[in-house]
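Student: Take this structure, written in structure tokens, and hold onto it; I'll ask about it next.
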Amino acid sequence: MSTRVTIRSSSPTEGTPGFHLFEDAVEVMTAADGAEPPVYLLLQGVQAELQTLEGGGALLTVSLPRSVARELGLIPFKPASGEAAAP
């Protein structure tokens, strides 16, 4: 049984990667008062480069189409033709 709770997702299509942004229900229920549990991002069909760091951990570079970055809220949406851009 999965404890993943979807926050946002998109299935991959031809030429566009998919993603699944989710949280773990168990972590949410057991988080200490005021603590925010992490969220997880699964990317499918992306180009990625992973480098391990000497002190531990890793450096991850991911190439995303701008449309996917917009869906994830990483960059602002383009205004529709004739609309002013958001401040």
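In terms of this note's numbering, the sequence shown opens at residue 36 and continues consecutively. Glycine residues also receive a C-beta, built at the ideal position from the N, C-alpha and C atoms.
1) If the criterion is Cβ atoms closer than 9 Å, does the pair L109 and L99 meet it?
2) What does a CB cutoff of less than 7 Å around T87 pick up in its chain, not counting 5 residues either side in sequence?
3) Among the residues of its own chain, which have a CB less than 7 Å from the CB of L76, if the five just before and after it don't count?
4) Which one or two residues does DSSP pair with T51 in a beta bridge?
5) Determine the contact status of T51 and G91, defining contact as a CB-CB distance below 9 Å.
Tutor: Walking through what the data contain:
1) Along the sequence shown, read from residue 1 onward, the residue named residue 109 stands at position 74. Along the sequence shown, read from residue 1 onward, the residue named residue 99 stands at position 64. For L109 and L99, yes; Cβs fall inside 9 Å.
2) As a working note, residue 87 is residue 52 in the sequence shown. Within the same chain, T87 has close Cβ partners A93.
3) The count along the sequence shown starts at 1 and reaches residue 76 at position 41. Excluding sequence positions up to five before and after L76, its CB lies within less than 7 Å of the CB of F54 and L56, all in the same chain and listed in chain order.
4) The residue you call residue 51 lines up with position 16 of the sequence shown. T51 is bridged to T48.
5) As a first step, residue 51 is located in the sequence shown; it is residue number 16 there, counting from the start. As a first step, residue 91 is located in the sequence shown; it is residue number 56 there, counting from the start. No. Outside cutoff.
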